[in-house]
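Residue numbers (UniProt numbering): 1 to 159.
So, in C-alpha coordinates, the structure goes:
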(Lines of atoms letter the chains of each structure in order from A; the text may use other names.)
(Lines give C-alpha, C1' and ligand atoms only; values in the text may rest on other atoms or scores of the structure.)
Protein backbone atom coordinates (compact mmCIF):
# COMPACT_ATOMS: atom_id res chain seq x y z
CA UNK A 1 0.00 0.00 0.00
CA UNK A 2 1.36 3.41 -0.96
CA UNK A 3 1.76 6.27 1.47
CA UNK A 4 -0.94 8.34 -0.27
CA UNK A 5 -3.53 5.56 -0.01
CA UNK A 6 -2.63 4.90 3.62
CA UNK A 7 -2.98 8.60 4.41
CA UNK A 8 -6.41 8.78 2.72
CA UNK A 9 -7.56 5.73 4.70
CA UNK A 10 -6.35 7.35 7.92
CA UNK A 11 -8.25 10.59 7.18
CA UNK A 12 -11.46 8.65 6.39
CA UNK A 13 -11.11 6.65 9.60
CA UNK A 14 -10.42 9.84 11.57
CA UNK A 15 -13.51 11.61 10.16
CA UNK A 16 -15.91 8.72 10.84
CA UNK A 17 -14.70 6.66 13.84
CA UNK A 18 -18.03 4.85 14.24
CA UNK A 19 -17.92 3.53 10.68
CA UNK A 20 -14.30 2.53 11.22
CA UNK A 21 -15.21 0.56 14.35
CA UNK A 22 -18.01 -1.22 12.47
CA UNK A 23 -15.60 -2.09 9.68
CA UNK A 24 -13.05 -3.48 12.10
CA UNK A 25 -15.68 -5.55 13.94
CA UNK A 26 -16.80 -7.13 10.66
CA UNK A 27 -14.99 -10.47 10.49
CA UNK A 28 -16.14 -11.27 6.97
CA UNK A 29 -12.83 -10.14 5.53
CA UNK A 30 -9.72 -12.22 5.89
CA UNK A 31 -6.19 -11.06 6.28
CA UNK A 32 -3.93 -12.26 3.52
CA UNK A 33 -0.25 -12.05 4.23
CA UNK A 34 2.26 -13.37 1.75
CA UNK A 35 5.68 -13.88 3.25
CA UNK A 36 8.76 -14.87 1.33
CA UNK A 37 10.36 -17.58 3.45
CA UNK A 38 13.25 -18.35 1.10
CA UNK A 39 15.78 -16.87 3.53
CA UNK A 40 14.53 -19.21 6.27
CA UNK A 41 14.77 -22.19 3.91
CA UNK A 42 18.34 -21.20 3.01
CA UNK A 43 19.29 -20.99 6.70
CA UNK A 44 17.63 -24.37 7.25
CA UNK A 45 19.75 -25.83 4.49
CA UNK A 46 22.96 -24.38 5.97
CA UNK A 47 21.94 -25.58 9.43
CA UNK A 48 21.96 -29.12 8.06
CA UNK A 49 25.73 -28.56 7.91
CA UNK A 50 25.55 -27.19 11.51
CA UNK A 51 26.61 -23.67 10.52
CA UNK A 52 24.14 -21.87 12.80
CA UNK A 53 25.02 -24.15 15.73
CA UNK A 54 28.66 -23.18 15.27
CA UNK A 55 28.02 -19.45 14.79
CA UNK A 56 25.71 -19.17 17.81
CA UNK A 57 27.88 -21.21 20.18
CA UNK A 58 30.35 -19.51 22.52
CA UNK A 59 33.72 -20.84 21.33
CA UNK A 60 35.89 -19.04 23.89
CA UNK A 61 36.33 -22.12 26.15
CA UNK A 62 37.66 -24.22 23.24
CA UNK A 63 41.25 -24.39 22.06
CA UNK A 64 42.24 -23.17 18.61
CA UNK A 65 42.83 -26.79 17.61
CA UNK A 66 39.29 -27.78 18.67
CA UNK A 67 37.75 -24.82 16.83
CA UNK A 68 39.88 -25.55 13.77
CA UNK A 69 38.77 -29.17 13.68
CA UNK A 70 35.11 -28.15 13.93
CA UNK A 71 35.47 -25.44 11.30
CA UNK A 72 37.07 -27.80 8.80
CA UNK A 73 34.02 -30.11 8.87
CA UNK A 74 31.50 -27.24 8.88
CA UNK A 75 33.34 -25.56 5.99
CA UNK A 76 33.26 -28.76 3.94
CA UNK A 77 29.58 -29.46 4.70
CA UNK A 78 28.41 -25.87 4.08
CA UNK A 79 30.34 -25.69 0.82
CA UNK A 80 28.69 -28.92 -0.30
CA UNK A 81 25.24 -27.66 0.78
CA UNK A 82 25.69 -24.43 -1.17
CA UNK A 83 26.78 -26.31 -4.29
CA UNK A 84 23.62 -28.43 -4.05
CA UNK A 85 21.50 -25.26 -3.99
CA UNK A 86 23.35 -23.17 -6.53
CA UNK A 87 26.45 -23.05 -8.63
CA UNK A 88 28.58 -20.27 -7.18
CA UNK A 89 31.52 -19.01 -9.17
CA UNK A 90 33.83 -15.97 -9.00
CA UNK A 91 32.39 -12.86 -10.67
CA UNK A 92 35.77 -11.73 -12.02
CA UNK A 93 38.32 -13.90 -13.80
CA UNK A 94 41.31 -11.88 -12.60
CA UNK A 95 43.09 -12.98 -9.44
CA UNK A 96 43.19 -10.75 -6.39
CA UNK A 97 46.00 -8.21 -6.66
CA UNK A 98 45.63 -7.82 -10.45
CA UNK A 99 45.38 -4.27 -11.85
CA UNK A 100 42.20 -3.73 -13.89
CA UNK A 101 40.50 -0.96 -15.87
CA UNK A 102 36.92 -0.07 -14.91
CA UNK A 103 35.17 1.51 -17.92
CA UNK A 104 32.65 4.31 -17.97
CA UNK A 105 29.14 2.89 -17.54
CA UNK A 106 30.29 -0.11 -15.46
CA UNK A 107 27.62 -2.11 -13.61
CA UNK A 108 27.69 -1.02 -9.95
CA UNK A 109 25.90 -4.23 -8.92
CA UNK A 110 28.97 -6.15 -10.14
CA UNK A 111 31.72 -3.78 -9.04
CA UNK A 112 32.03 -2.03 -5.67
CA UNK A 113 34.66 0.69 -5.79
CA UNK A 114 36.66 1.23 -2.61
CA UNK A 115 39.62 3.41 -1.75
CA UNK A 116 40.17 6.89 -3.17
CA UNK A 117 37.26 7.11 -5.60
CA UNK A 118 37.15 10.54 -7.21
CA UNK A 119 35.52 11.85 -10.34
CA UNK A 120 33.91 9.56 -12.88
CA UNK A 121 34.96 6.35 -14.64
CA UNK A 122 37.09 5.11 -16.24
CA UNK A 123 39.11 4.04 -13.21
CA UNK A 124 42.23 1.97 -12.68
CA UNK A 125 42.23 -0.22 -9.60
CA UNK A 126 43.39 -3.44 -8.01
CA UNK A 127 41.11 -6.45 -7.51
CA UNK A 128 40.67 -6.79 -3.74
CA UNK A 129 37.90 -9.40 -3.96
CA UNK A 130 36.73 -11.24 -7.08
CA UNK A 131 33.05 -11.24 -6.06
CA UNK A 132 30.64 -14.14 -6.44
CA UNK A 133 27.77 -14.91 -8.77
CA UNK A 134 25.11 -17.61 -8.74
CA UNK A 135 24.88 -19.44 -12.06
CA UNK A 136 22.28 -22.05 -11.10
CA UNK A 137 19.73 -21.46 -8.37
CA UNK A 138 17.56 -24.17 -6.90
CA UNK A 139 16.48 -23.05 -3.44
CA UNK A 140 14.28 -25.72 -1.85
CA UNK A 141 10.60 -25.01 -2.42
CA UNK A 142 8.22 -24.44 0.46
CA UNK A 143 6.50 -27.62 1.53
CA UNK A 144 3.04 -27.52 3.04
CA UNK A 145 0.85 -24.53 3.77
CA UNK A 146 2.43 -23.53 7.08
CA UNK A 147 4.39 -20.30 7.11
CA UNK A 148 7.03 -20.62 9.76
CA UNK A 149 10.06 -18.83 11.09
CA UNK A 150 11.58 -22.06 12.38
CA UNK A 151 15.03 -22.54 10.86
CA UNK A 152 15.57 -25.94 12.40
CA UNK A 153 13.35 -27.84 14.81
CA UNK A 154 14.67 -28.86 18.21
CA UNK A 155 15.86 -32.46 18.28
CA UNK A 156 14.72 -34.56 21.23
CA UNK A 157 16.17 -38.01 21.75
CA UNK A 158 13.56 -40.25 23.32
CA UNK A 159 14.94 -42.94 25.64
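Heads up, the beta-carbon is just placed ideally off N, CA and C, and yes, glycines get one too.
- With the rule of 3 Cβ pairs closer than 8 Å, the segment 89-101 does not count as touching the segment 63-72.
- When Cβ pairs closer than 8 Å are counted between the two stretches, the segment 106-113 is seen not to touch the segment 75-90, the count staying below three.
- DSSP places residue 45 in the helix class (H, G or I) of the three-state scheme.
- Take residue 111, set aside five residues on each side of it, and the residues of its chain with a beta-carbon closer than 7 Å to its own are 102, in chain order.
- Rounded to the nearest whole angstrom, the CA to CA distance from residue 39 to residue 127 is 30 Å.
- In this structure, residue 151 lies away from residue 48, with their beta-carbon atoms at least 8 Å apart.
- For the UniProt domain "DUF2760" (37-157), the full-length beta strand (DSSP E) segments reaching 3 residues or more read 86-90, 99-102, 123-126 and 132-137 along the chain.
- When DSSP states are grouped into helix, strand and coil, residue 12 belongs to the helix group.
- Taking a contact as a CB-CB distance under 8 Å, the pair residue 123 and residue 85 does not count as one, their CB atoms being some 34 Å apart.
- Of all alpha-carbon atoms in 53, 81 and 134, the one lying nearest the alpha-carbon of residue 155 is that of 53.
- Residue 159 sits in coil when the DSSP states are folded into three classes, being neither helix nor strand.
- Spanning the alpha carbons of residue 19 and residue 6 requires a straight line of approximately 17 Å.
- Taking the CA atoms as reference points, residue 80 sits about 14 Å from residue 71.
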